Amino acid sequence: MKLKRNKIAYIIILLPFAFISIIPLYWMFISAFKDPASIIKMPPDWIVLNPTLKNFISLFQSSKILRWFINSVVVAGFVTAGNIIFDTMAGYAFAKRKFFGNKLFFWLIMGGLMIPSQITLIPLFLLMLNLGFYNNYAGLIIPTIATPFGIFLMKQFIETIPMDLESAARIDGASEMQIFWKVIFPLSRPAWTVTGLFHFVANWNSFLWPLIMVDSDAMRTLPIGLSTLKSQYSVDFGIMMAGAVFAALPMFIVFFVFQKYFFAGLTVGSIKE
Amino acid sequence: MKNTNYLVWSYIFILPALALFFLMTFYPVIQAALMAFYSYDPFRGGSMGNPIFVGFDNFKEVLSDVIFWKSIKNTLIYTFFVVPVTTVITLFLAYFITPLHRKWQTFFKSVFYLPSIASDAVIALIWFWIFNPMFGLLNYFLSFFGLGPIFWLGDTNWALFSIILMMSVSYWGMNVIIFTVAFDNIPNSLYEAADIDGATFTQKFFRISLPMIKPTILFILVMGTINALQIFTPMYMMTQGGPNYATTSVVYLIYETAFRNQRLGIAAAQSFILFLIIIVFTILQFKIVQTEQD
């Protein structure tokens, strides 16, 4: 199992799969910088011969891409912040605090994990419409500002924090709010980083909900904006790829900065600070 | 210690999560079940604000709709291909990644994760071009073997397969990472004992590795199936459900029924049937794994 020779064989087996995985993204990146003649050349150019920013310039001139970008940042940012705070609060209460209804409310909320989002889609849409949240940030942010998945991860992690820290703070005269902000919240940072990243990525990439909740071009998030690019420039692949790069690059940066948190998968407890 | 202040704060801590759950999950689920029995269609005397009760009429209409059955068939074909193929490929990839040196692990995990972290819309846009009959990479590669050109997304026989192909090679990241964590947690002593007994590579894989990570496989299968049964984005981005409904998935049909044709009651009935299918599949998968363990 531990022979060096085996490992080289493994790497050779894995490489073609790595190639399949990365080639579409590589194609997207180089094509965004190609000029129109090179874009549709057959056989294709595998490197950029004359890099140009033309595609990005026409993208900025002819679409609201910057506005879509800001919308995505606002929506994903607020949902992430909301989940970090509310999921940690609820996770802490369910993990550590004794109160009537603790188990009942926890399992009720966990029941939400079993509900596929498509079943609540239409009633939730009508509810948002009636609350006046259609076609604005509130409708895109509020429904996912606290989630069963995040609460579950936070509860699992906070259960491993020793109880004495909380008791010591209480004996020192800390208020309940101070115990949460000064003790629990800092200690559970690795877990809420994972929860936060999960929500940031999921909401940055979310498609169906913003598609039905948004009516005007100015309120679109990046993925919905991209879908309009496709119908507008059905054969101008350069502009489409420039838009795709614009949507994907921020996620790639987030991924490389927080790599170890992504690699921990769903096992929050195993993260070494 | 359990004074009023402590209790009040306990409820304050769970209040946002609980309120959101009742408003955004509990209420809509109840509402979803009710909506399926009402008609919002003006020609039946209903309206958005004032629906009329129609009993099982919505279900009758949905179940006698040829396009609905076609969407079920498409969704099942999609699920039966994408979930097993993705699971087997990622299991295999993770098995080979786990023993590697840290640097190689990071390299492969990153490469496999990147497409999953780019949004579905980005992946669909790139592949929309890859599938282009004239300027796409796929037909270019096929031409080396003297095959094609295939009109991938425009051909009723190929359109659904095209989406299956794209989805089977683009979303490996999360699975690979979950499987590597699971393989990593298998105690080395098991493999050492097997080595002493002279077990082969294949024996070790099927007798030790696979049984040890069974719960993880079940988790991946269940999550994958639930997601696959709700497939929407590629259909919207690449084919709009066509050509001739060849790529109309159930959720795509629900979207069309509710948000293009404004037939909310019918869409609610369609959602309800899909919900039942999802539940049946989830229970089946749990049962299969349980009976195997007996």
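Chains as they are written, first to last, in this note's numbering: chain A, 5 to 277; chain B, 12 to 305.
All C-beta atoms in this analysis are idealised placements derived from N, C-alpha and C, irrespective of residue type, glycine included.
Since we're looking at a predicted model, the values are computed, not measured.
Query - Proximity test, Q214(B) beta-carbon vs the ligand SAH heavy atom, cut-off 7 Å - result: The ligand SAH is absent from the structure shown, which contains no ligand whatsoever.
Query raised in the report: How would you call A120(A), buried or exposed, if buried means at least 16 neighbouring beta carbons within 10 angstroms?
Result: Reading off the sequence shown, one finds Pro at residue 120(A), where the question assumed Ala. P120(A) is buried by the Cβ-count criterion.
Query raised in the report: Q122(A) touches chain B at which residues, Cβ-Cβ below 7 Å?
Result: Q241, V262, I265, S282, L285
Report task. Tell me whether the beta-carbon of A47(B) lies closer than 8 Å to the beta-carbon of N69(B). Result -> yes
Query raised in the report: Does the beta-carbon distance from V262(B) to Q122(A) come in below 8 Å?
Result: yes
Report task. Measuring only between beta-carbons, confirm whether F152(B) sits less than 8 Å from chain A. Result -> no
Query - Helix, strand or coil at S127(B) [DSSP, three-state] - result: helix
Requested in this report: Ignore the nearest five residues each way along the sequence and tell me which others in L233(A)'s own chain have a CB closer than 7 Å to its CB.
Outcome: S67, I243, M244, G247
Requested in this report: Determine the chain A residues that contact A269(B) at a beta-carbon separation under 7 Å, and present them in chain order.
Outcome: I126
**Report entry** Contact set for L164(B): own chain, Cβ-Cβ below 6 Å, skip 5 residues either direction
**Finding:** F142, A170, S173, M249, T250
Query raised in the report: Taking F262(A) as the reference, which of A135(B), P245(B), N199(B), T117(B) has the closest Cα?
Result: T117(B)
Query raised in the report: When the Cα of F54(B) is compared with those of Q281(B), F24(B), Q273(B), which residue comes out closest?
Result: Q273(B)
Query raised in the report: Which class does F137(A) belong to by DSSP, given the choice of helix, strand or coil?
Result: coil
Requested in this report: Can you tell me which of the three DSSP states Y265(A) falls into?
Outcome: helix
Requested in this report: Quick one: using the 10 Å Cβ neighbour count with 16 as the cut-off for buried, is P198(B) buried or exposed?
Outcome: exposed
**Report entry** is_contact[V93(B), chain C] using C-beta, thresh 8 Å
**Finding:** Among the protein chains in the structure shown, which are A and B, there is no chain C.
Requested in this report: May I ask you to report which of helix, strand or coil DSSP gives L19(A)?
Outcome: helix
Requested in this report: Give the interface partners of A94(A) over in chain B, defined as CB-CB distance under 9 Å, in chain order.
Outcome: F24, I25, L26, P27, A28, L29
**Report entry** For H112(B), the first and last residue of its enclosing alpha helix (DSSP H)
**Finding:** It is not in any alpha helix (DSSP H) - H112(B) carries neither H nor E in the DSSP assignment.
Query raised in the report: With a cut-off of 8 Å, does the C-beta of F211(A) fall near any C-beta of chain B?
Result: yes
Query - Runs of alpha helix (DSSP H) lying entirely within the stretch 66 to 147 of chain A, each at least 4 residues, in chain order - result: 69 to 100, 106 to 115, 121 to 134, 141 to 145
Query raised in the report: Is it true that the stretch 240 to 259 of chain B meets the stretch 190 to 206 of chain A, where meeting means three or more beta-carbon pairs spaced less than 8 Å apart?
Result: no
Requested in this report: Let me know the secondary structure DSSP gives Y17(B) once reduced to three states.
Outcome: helix
Query raised in the report: Can you give the beta carbon distance from T109(B) to I231(B), rounded, assuming they're within the 8 Å contact cut?
Result: Not a contact, Cβ separation roughly 16 Å.
Requested in this report: Give me whichever residues DSSP pairs with Y49(B) in a beta bridge.
Outcome: F64(B)
**Report entry** Distance, I61(A) Cα to I289(B) Cα
**Finding:** 45 Å
Requested in this report: Could you check if S181(B) is buried or exposed, using at least 16 other CB atoms within 10 Å of its CB as the buried criterion?
Outcome: buried
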